[in-house]
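Taking it in order: structure first as structure tokens, then the write-up.
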Amino acid sequence: MKNFSIVLIAMALLVGLSSLFIVDERQLAIKFQLGEIVESNYEPGLHVKAPWPINNVRKFDKRILTLDTRPERFLTGEKKNVSVDFFVKWRIKQPAKYYTSFMGDERQAGLRLLQIVNNGLQLEFDKRTIKQVVADDRSVMMTDLTTKANNEVEPFGIEIVDVRIKQIELPDEVLNSVYQRMRAERERIAKEHRAQGQQAAKGIQAVADRERTVLLAEARRDAEISRGEGDALATEIYANAYGENQEFYAFYRSMTAYRAALANPSDVLVLEPNSEFFRYFSDYSASD
0 MKNFSIVLIA MALLVGLSSL FIVDERQLAI KFQLGEIVES NYEPGLHVKA PWPINNVRKF
60 DKRILTLDTR PERFLTGEKK NVSVDFFVKW RIKQPAKYYT SFMGDERQAG LRLLQIVNNG
120 LQLEFDKRTI KQVVADDRSV MMTDLTTKAN NEVEPFGIEI VDVRIKQIEL PDEVLNSVYQ
180 RMRAERERIA KEHRAQGQQA AKGIQAVADR ERTVLLAEAR RDAEISRGEG DALATEIYAN
240 AYGENQEFYA FYRSMTAYRA ALANPSDVLV LEPNSEFFRY FSDYSASD
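Taking numbering that gives the first Met the number 0, the leading residue of the sequence shown gets 0, the next gets one more, and so forth.
In structure tokens, the structure reads:
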């Protein structure tokens with residue numbers, strides 16, 4: 000009798016324990032009753048259910064999951080084949096729909112999700128060139144893709160949090176074409192800079208030449224003015240000297256002429272002895 004009581008107590012404990020279950024804050028839970036879903040909106044904490052086989056509970060990860068697959072090939076709007084390595088961040092939003100769609104199989108959910116994202120990526124690549132995909136429109140493309148893909152996966156009880164491209168690998172012919180365009184663009188920019196530099200240099204040279212011409216003209220003008228003033232002053236001095244002492248003035252002019260005529264020892268002058276040119280020599284000899 001005592002052993003029977005122990006068995007009853009043990010069975011009661013087992014039944015009681017099997018009637019309790021805990022939902023972690025990182026989990027979602029579904030309660031089944033004889034194979035049918037009867038509850039799926041559980042908050043984290045301790046909950047009660049009927050013992051198995053009347054009720055049983057299935058739990059799923061509530062955290063964001065990552066779908067990372069091998070690179071896929073897509074055609075751009077230019078009909079260029081590119082290899083794209085990407086990943087998808089997703090999570091279970093409605094566990095009842097998720098279970099009904101995939102029987103709770105995460106692998107099946109991932110395959111369906113990958114198919115939807117692949118189709119969406121192909122549609123986005125169809126509308127864009129390689130340049131737009133690589134540089135210009137990537138963020139816009141990912142936002143559009145995420146929005147459209149979420150509309151498709153909503154009936155499955157899942158949500159796409161983000162789609163990100165890790166790498167886009169271009170075929171060799173596309174790479175060569177891109178490099179050639181980049182090189183041509185850099186050469187064009189370099190030519191523009193050189194042309195602008197040459198134009199600026201010509202402008203600077205023209206300004207310098209113009210200023211040089213002006214400065215030289217002003218210098219020549221000032222020199223002519225100074226020379227004219229000097230000649231006028233010399234003429235005035237000569238005139239004054241001539242007026243005061245005509246004989247000395249004539250002597251001074253003769254000395255100046257002698258200095259100019261006899262400056263080179265190799266020069267020979269053929270003149271008559273009584274020439275006016277040697278007047279002062281003759282006068283000097285007569286005085287001796």
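Virtual Cβ for every residue (Gly too), placed ideally from N, Cα, C.
Secondary structure at Thr142, three-state DSSP: helix, strand or coil? helix
Where Asn118 falls: helix, strand or coil (DSSP): helix
Taking the alpha carbon of Val139 as the reference point, which residue from Ile164, Glu210, Ser253 has its own alpha carbon closest? Ile164
To the nearest angstrom, report how far apart Glu77 and Phe124 are at their CA atoms. 9 Å
Alpha carbons only, please: which of Gln26, Val132, Gly196 is nearest the one belonging to Ile63? Gln26
Taking the Cβ atom as the reference point for each residue, do Leu66 and Leu120 lie within a distance shorter than 9 Å? no
Let me check one thing: in DSSP terms, what residues is Glu191 bridge-paired to? According to DSSP, which records beta bridges pairwise, Glu191 is partnered with nothing at all.
Decide if Tyr98 is buried, meaning its Cβ has at least 16 other Cβ atoms within 10 Å, or exposed. buried
State the Cα-Cα distance for the pair Gly103 and Lys92, rounded to the nearest angstrom. 13 Å
Does the beta-carbon of Ala231 have 16 or more other beta-carbons within 10 angstroms, so that it is buried, or is it exposed? exposed
The segment 77-88 in contact with the segment 152-168 per 3-pair CB rule at 8 Å: yes
According to DSSP, is Asp161 helix, strand or coil? strand
Taking C-alpha atoms, which residue in Ala28, Glu35, Gly34 lies nearest to Leu45? Ala28
Using the Cα positions of Ala134 and Lys30, report the straight-line distance between them to the nearest angstrom. 49 Å
Within 9 Å, strictly: CB atoms of Leu74 and Lys48: no
Could you tell me the distance, in whole angstroms, from the CA atom of Gly227 to the CA atom of Leu214? 20 Å
With burial defined as no fewer than 16 other Cβ atoms inside 10 Å of the residue's Cβ, what is the status of Leu144: buried or exposed? buried
Whole angstroms is fine: what's the gap from Pro70's alpha carbon to Glu168's? 9 Å
Please list, in chain order, all residues of the same chain as Ile159 whose beta carbon is under 8 Å from its beta carbon, the five residues on each side excluded. Val87, Lys88, Trp89, Leu112, Val116, Thr145, Ala148, Asn149, Val152
Between Gln179 and Gly202, what straight-line distance do the alpha-carbon atoms span, to the nearest angstrom? 34 Å
Supposed close pair Ala108, Ile157 - CB separation, criterion 8 Å: 6 Å
Please classify Val37: is it buried, with 16 or more other beta-carbons within 10 angstroms of its beta-carbon, or exposed? exposed
Is it buried or exposed, Ser225, if we count other Cβ atoms within 10 angstroms and call 16 or more buried? exposed
Can the beta-carbon of Glu35 be found less than 9 Å from the beta-carbon of Val22? no
What is the DSSP secondary structure of Ser284, counted as helix, strand or coil? Because the pLDDT of Ser284 is 47, which lies under 50, any placement of that residue in the model is unreliable, and the number read from its coordinates should be weighed accordingly. In this structure, Ser284 counts as helix in the three-state DSSP scheme.
Start-to-end residues for the beta strand (DSSP E) that takes in Thr65: 64-67
Ala49 - DSSP class collapsed to helix/strand/coil: coil
Output the boundary residues of the alpha helix (DSSP H) element that contains Ala95. 94-101
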